[in-house]
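Under numbering that gives the first Met the number 0, think of the first position of the sequence shown as 0, with each following residue one higher.
Presented below is the structure to which this report refers.
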Amino acid sequence: MFKTQLGAIDNNSAETFLRPETAQGIFVNFKNLVRSSRAKLPFGIGQIGKSFRNEITPRDFIFRTREFEQMELEFFCEEKDSNEFYQYW
């Protein structure tokens, strides 16, 4: 999460936080997801959502936008099987 201001005025009441990537939610909720879905390794979790970056864009050319849709897939496996799944994917 990165801190930014909501609106044009810089004050503490307009402080907000935006997520820079979608994968954080996958890692934060991993244990809860395994417990509630009874998933067994190996398995993957995909997520689609809005992400934000705090950077200045060039004036007349939009190369990277501040808000964008991002899709990520995180694949979880036992450490001993990681090379096999790395080659597979």
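Even for Gly, the Cβ is constructed at its ideal location relative to N, Cα and C.
Tell me which residues share the same chain as K42 and place their Cβ nearer than 7 Å to its Cβ, disregarding the 5 neighbours each side in the sequence. Reading the sequence as shown, one finds Phe at residue 42 and not Lys. For F42, where only same-chain residues beyond five positions count, the Cβ hits under 7 Å are F75.
Whole-angstrom C-beta distance between G24 and Q4, which should lie under 8 Å: Not really, about 24 Å apart at Cβ, beyond 8 Å.
Over what stretch of residues does the alpha helix (DSSP H) that includes E14 continue unbroken? First-last for E14: E14 to L17, but that is the beta strand (DSSP E), not the alpha helix (DSSP H).
Just to check my reading of the structure: K49 and E68 have Cβ atoms closer than 8 Å, yes? What is that Cβ distance to the nearest angstrom? 6 Å
Suppose contacts are defined by Cβ-Cβ distances below 9 Å. Is F51 in contact with R34 by that definition? no
Label T15 either buried or exposed according to how many other C-beta atoms from any shown protein chain fall within 10 Å of its C-beta, with 16 as the threshold for buried. exposed
Cα-Cα separation, V27 to F84: 23 Å
So what's L32 in DSSP terms, helix, strand or just coil? helix
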